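Heads up, the thing below is written out as structure tokens.
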Amino acid sequence: MTTGRLLRQIGFSLLLLATALFFFGPVLWEGITSITPDAEMVAVRLFPRNPTLEHYQSIFVGQPFFRIILNSLVVASMTTLFSLAIGGLAAFALARLHFKGKRILLGGALAVSMFPPVAIISPLYLIVRALGLRDTGWALIVTHTTFSLPLSLWILTRFFEEIPVELYWAAQIDGCTPLQAFTRIILPLAAPGLAAVAILVFLFSWGEFLFALTFTTTEASRTIPVGIALFPGLHEIPYGDIAAASIVVTLPVILLVLLFQRRIIAGLTAGAVKG
Amino acid sequence: MAEVRLRGITKRFGEKEILRGIDLTIEEGVFFTLVGPSGCGKSTLLNLIAGLESPTSGEILFDGKSVNDLAPKERDVAVVFQSYALYPHMTVYENIAFPLRMRKTARADIDRRVRETSDLLGLAPLLAQRPAALSGGQRQRVALGRAIVRQPRLFLFDEPLSNLDARLRIEMRSELKRLHRRLQATMIYVTHDQAEAMTLSDRMAVLHQGTIQQEGTPKEIYAKPANLFVAEFIGSPPMNLLPGRRVAGGIELVRGDLFRLAEERLAAVPSEEIILGIRPEDLHLSRWPQGAERTVEVVLIESIGAELWVEFIWGGRTLRAIAPADFDGTPGEEAGLTIDPNRVHLFDSKKGNRIE
Amino acid sequence: MRSSARLGYALISPAVLLLTAVALIPIAAALYLSFQKRLPIFQIVRFVGLENYRFLAIDPRFWNSLGNTLYFTLLAVTLELALGLGVALLLDRAFPGRGWIRAIVLLPWAIPTVVSSRIWEWLYNVEFGLFNSLLTEGGVTHGPINWLGDPFWAMHAAILIDVWKSAPFVTILLTAALQTIPRELYLAARVDGAGRWGIFYHIVLPALRPVILVVLLFRTLDAFRVFDAIYVLTGGGPGNTTETLSIYTYKVLFQTLQFGYGATLAVAMFFCVVAISLIYFGLLGRERRGA
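Protein chains in written order, with our numbering: chain A, 153 to 427; chain B, 171 to 526; chain C, 17 to 307.
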């Protein structure tokens, strides 16, 4: 290998390393912090002398972090379910059925997605309070579902359109009603797309902050983002505990990303790249 | 089996008018081909008959009853698509069984009919495979199987052979013909390949820009093309078309050369300008110009084994003729040309229609 | 086939219902509220016409937050695009472990913004943060930098978090776009004598232009509406230097409880967003028409 090529290889590897460090470093550091005992927090070292699990203990025992995680899980799962169901049916109609007003729906959904959420939390807050839904998970589930609809609609419509129209036709010729063709032929073939959208919607709901902050006040219904933002601390900020909480919340995300990397990418690119 | 009648069918997509007033009757049990270049509207017409789309205006009747308001599944038609449209997530068996399942046929019956059909098409060893594992020809037969197993009253084929290689195509053509004879079903077949249309059909219609140019048996259409488009489209190599002027006693095609025609034919010609058509097989070339009516210059000779396609120049125009394999003319040299006036076609140069 | 139209309307109705009830009606309500003076504590509810808007026009804090937002958006989006493009180009060729690197790159985007903010907040910590300890020990600075308390650094600290979180999004979309460039184009360009820069400028960039515009659109809108990171990191401080429009609007609504004026601010934000979108759609439209 010539020196030129060797140098370029080294340079390439260094760039890769820098990239990995930049994107993963902060998470890694948070992980190290999470096992650093309070006593050692002052001295900043690359790795603690006495790693400990006291912070993880603290957040689950001392605080209702478990409850918070459960709340987030319920809200995110229900949101994903509703968003897929409602978005999926609408996307099928947009992709394969003929009726007027398709562009209005897509345009309206787009407009909603571009809206600053701050703009409507006040009317929504008033409505939620009037309906007595304050401090329940339902306010979040409904709002999350609604605001994830533009994403679901956009991406699912594209995935459904990608399935050759002849398959849809063949199913109808073979005796299916449009809905039957949808459930028996299109849906199974669109499963990867559905999975992609499910993950994206789940991640959106999992990390959504503004609505959660506005609509949940007590720990009974609090979700993770609010829990982490408003971490209680009497005298000093418990960075160790926060770190532990952050890692606990990040681990499922890491898992999702590792396992479903391709799907996530497929979902994101379906909307943007193919025009 | 169904007789299909189309009355005044038009179809518009937004601004574009794809079909402009189609009237057609396809009798029961006939193998009928719709042939035309891409964009002529033939696939759209097939979709209308199948019920996958609705006509902008006009009526579609099966056995005298209007089917305009019937969904595809109610029309009892089977379609074989160009891309076969096999369900990728199902095995061959499940693909063929699918229409029967949708009709809630008893499982024992499904099994029997699927196996009968796959035996008929030679698919028995492939029943457990998925479409992705099959070759193009095999997929085609599965698509056929899925159509046949339903015993529908009408078969529609949308260019089913165009994705196959040349040899397979010829094989499948005869298999389709045999199938037709065996099932005695009404089959409507769409293709852009005029050779395919000619060999397969009992009757055919030539489509161009949304209208039917001519309808009849392949023989009729070949022997008496109704207009310039049909004349050029049907037949390979295509008919030679020569503009000329009517003069006393015949047609002047080439300066100073009078092509003699019978008086009755000349009388029917409406204007001075006229187009004369002659098929390559009706142009006879001889090695030595002496003794022939005209002298031409050979440009190119293509051998296809049994015969030769010869390109030559006559009076500044390039023409094609079919010559027997033993024609030993050479490019660049002269040859003799004889034309039988009885085999000549006359077309109106403005409207393009045939003059008898 | 009219039945298919009926089915179509039936299938989209839940989506339409949700969007109308939960999004469109509140948006209309916000518009209505913006013309009111509504202070629940004092039980004031009265229509004041354009008074809120007139106040907006001279409200110094509004203009401050608008300026902050624009600065944030401009800088963040530019950096995200540059970094995202760079990483996309880096990852364009296959190498062992590419899947792992891609997962690592994807991670910041997937982590909830609030968590990312906490993570970076810890890095920025004045006494115990890694950055300060590395800088002082490395001899680059004498004393610790007050990343989040210093007006200059706070804004840029927030921008860095947004870049960290959003560059992956850019990378993913650009990577996919890069993959649609037929390899033969590269070969043809090399045969024609183009060097690396030439290939980038004449082959890669033109192919990426439409996707870049789409990415810019999404990122600009998101950056303009930034809330989570700043809320957690600085709450708008120090001294309103990082107060963006969303933060200001939120404070007006939920700290001073002025639902009327809060709605006015929100409507103003909406119009800014519409303006930005229109510009991008105009650019995209021209791109599509081949200008």
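All C-beta atoms in this analysis are idealised placements derived from N, C-alpha and C, irrespective of residue type, glycine included.
Every value quoted in this text rests on a predicted model; they were computed, and no experiment measured them.
Might you give, ordered along the chain, the residues of its own chain that have their beta carbon closer than 8 Å to the beta carbon of residue i, omitting 5 neighbours on each side?
i: residue 517 of chain B; result: 397, 398, 401, 411, 444, 445, 446, 447, 523, 524, 525
i: residue 132 of chain C; result: 124, 177, 180, 181, 245
i: residue 216 of chain A; result: 371
i: residue 170 of chain C; result: 163, 164, 249, 250, 253, 254, 257, 258
i: residue 428 of chain B; result: 417, 419, 420, 421, 422
Using the beta-carbon count (16 or more within 10 Å), is residue i buried or exposed?
i: residue 206 of chain B; result: buried
i: residue 181 of chain B; result: buried
i: residue 218 of chain A; result: exposed
i: residue 221 of chain B; result: buried
i: residue 267 of chain C; result: buried
i: residue 496 of chain B; result: exposed
i: residue 59 of chain C; result: exposed
i: residue 309 of chain B; result: buried
i: residue 173 of chain C; result: buried
i: residue 362 of chain A; result: buried
i: residue 413 of chain B; result: exposed
i: residue 158 of chain C; result: exposed
i: residue 208 of chain C; result: exposed
i: residue 159 of chain A; result: exposed
i: residue 162 of chain A; result: exposed
i: residue 75 of chain C; result: buried
i: residue 88 of chain C; result: buried
i: residue 118 of chain C; result: buried
i: residue 214 of chain B; result: buried
i: residue 54 of chain C; result: buried
Within the same chain, show all residues whose beta-carbon is closer than 6 Å to that of residue i, passing over the 5 residues directly before and after it, in chain order.
i: residue 327 of chain B; result: 250, 359
i: residue 316 of chain B; result: 265, 266
i: residue 293 of chain A; result: 227, 230, 231
Quick one: what's got a C-beta closer than 7 Å to residue i's C-beta in the same chain, skipping five residues either side?
i: residue 228 of chain A; result: 354, 357, 358
i: residue 17 of chain C; result: Only weak support is given to the placement of residue 17 of chain C: the predicted model assigns it a pLDDT of 49, under 50, and the value that follows is read from those uncertain coordinates. Answer for residue 17 of chain C: no residue qualifies.
i: residue 201 of chain C; result: 219
i: residue 215 of chain C; result: 202, 205
i: residue 509 of chain A; result: The requested residue 509 of chain A is not part of the displayed model; chain A covers only 153 to 427.
i: residue 145 of chain C; result: 138, 139
i: residue 135 of chain A; result: In the structure as shown, chain A starts at 153 and stops at 427, and residue 135 of chain A therefore has no counterpart that could be examined.
On the premise that residue j lies in contact with residue i, defined as a C-beta separation below 8 Å, what is that separation, rounded to the nearest angstrom?
i: residue 382 of chain B; j: residue 194 of chain B; result: 7 Å
i: residue 160 of chain C; j: residue 137 of chain C; result: That belief does not hold up - the Cβ atoms of residue 160 of chain C and residue 137 of chain C are roughly 15 Å apart, past 8 Å.
i: residue 275 of chain C; j: residue 72 of chain C; result: Residue 275 of chain C to residue 72 of chain C, Cβ: 15 Å. No contact.
i: residue 409 of chain A; j: residue 399 of chain A; result: Contact doesn't hold; Cβ gap of about 15 Å is too wide.
i: residue 499 of chain B; j: residue 455 of chain B; result: 6 Å
i: residue 242 of chain A; j: residue 310 of chain A; result: That pair is no contact at about 13 Å.
i: residue 312 of chain B; j: residue 256 of chain B; result: 6 Å
i: residue 210 of chain B; j: residue 377 of chain B; result: 4 Å
i: residue 92 of chain C; j: residue 291 of chain C; result: Wrong, their Cβ atoms sit about 18 Å apart, outside the cutoff.
Three-pair Cβ contact test at 8 Å for the segment 230-247 of chain A versus the segment 225-235 of chain C: The segment 230-247 of chain A vs the segment 225-235 of chain C: no contact.
Stretch-stretch touch, CB-based, cutoff 8 Å, three pairs: the segment 175-187 of chain A with the segment 387-398 of chain A: Touching, yes.
Selection of the segment 257-285 of chain B by Cβ proximity to chain A, strictly under 8 Å: Of all residues in the segment 257-285 of chain B, those with a C-beta nearer than 8 Å to a C-beta of chain A are 257, 258, 259, 268, 269, 272, 273, reading in chain order.
Contact residues within the segment 422-455 of chain B, judged by C-beta distance below 9 Å to chain A: Result list empty, no residue passes.
The segment 503-511 of chain B in contact with the segment 454-468 of chain B per 3-pair CB rule at 8 Å: Because the criterion of three Cβ pairs below 8 Å is met, the segment 503-511 of chain B and the segment 454-468 of chain B touch.
Interface residues of the segment 234-256 of chain C facing chain A [CB-CB below 9 Å]: So the close ones are 234, 237, 240, 241, 243, 244, 247, 248.
Contact list for the segment 340-361 of chain A against chain B, Cβ threshold 8 Å: Going along the segment 340-361 of chain A in chain order, one finds 340, 341 with a Cβ nearer than 8 Å to chain B.
Any 3 or more C-beta pairs closer than 8 Å across the segment 222-234 of chain B and the segment 173-180 of chain B: For the pair of segments examined, the segment 222-234 of chain B was found to touch the segment 173-180 of chain B: the number of CB pairs separated by less than 8 Å reaches three.
contact_flag[the segment 27-41 of chain C, the segment 288-303 of chain A] where n(CB pairs < 8 Å) is 3 or more: Taking a cut-off of 8 Å on C-beta distances, the segment 27-41 of chain C touches the segment 288-303 of chain A, as three or more cross pairs fall below it.
Chain B contacts made by the segment 322-336 of chain A, where a contact means CB separation under 9 Å: Under the 9 Å Cβ criterion, the segment 322-336 of chain A contributes 322, 323, 324, 325, 326, 327, 328, 329, 330, 332, 336.
Cβ contact check for the segment 95-110 of chain C and the segment 186-196 of chain C: 3 or more pairs under 8 Å: The segment 186-196 of chain C and the segment 95-110 of chain C touch, with three or more beta-carbon pairs separated by less than 8 Å.
Inter-stretch contact (C-beta, 8 Å, three-pair minimum) for the segment 297-307 of chain B and the segment 332-342 of chain B: Contact between the segment 297-307 of chain B and the segment 332-342 of chain B is present, with at least three C-beta pairs closer than 8 Å.
The segment 277-292 of chain A contacting the segment 240-248 of chain A, beta-carbon criterion three pairs below 8 Å: The segment 277-292 of chain A makes no contact with the segment 240-248 of chain A; the number of CB pairs closer than 8 Å stays below 3.
Interface positions of the segment 162-186 of chain A facing chain C (Cβ-Cβ less than 8 Å), listed along the chain: Listed by position along the chain: 164, 167, 168, 171, 172, 174, 175, 176, 178, 179, 181, 182, 185.
Contact residues within the segment 248-262 of chain A, judged by C-beta distance below 7 Å to chain C: Contact annotation: in the segment 248-262 of chain A, residues whose CB is within less than 7 Å of a CB in chain C are 249, 250, 251, 257, 260, 261.
Three or more C-beta pairs below 8 Å linking the segment 309-327 of chain A and the segment 82-92 of chain C: Verdict: no, contact absent.
The segment 417-424 of chain B / the segment 468-476 of chain B touching (three or more Cβ pairs under 8 Å): Segment contact: the segment 417-424 of chain B against the segment 468-476 of chain B, fewer than three CB-CB distances shorter than 8 Å; contact not assigned.
Inter-stretch contact at 8 Å, needing at least 3 Cβ pairs: the segment 324-331 of chain A / the segment 232-244 of chain B: They touch, by the three-pair rule.
Residues, ordered as in the chain, of the segment 286-318 of chain A that lie near chain C by beta-carbon distance below 9 Å: Contact annotation: in the segment 286-318 of chain A, residues whose CB is within less than 9 Å of a CB in chain C are 294, 295, 297, 298, 299, 301, 302, 304, 305.
Positions along the segment 128-159 of chain C whose CB lies within less than 9 Å of some CB in chain A: Answer in chain order: 128, 129, 130, 131, 132, 133, 134, 135, 136, 137, 138, 139, 141, 143, 144, 145, 146, 148, 149, 150, 153.
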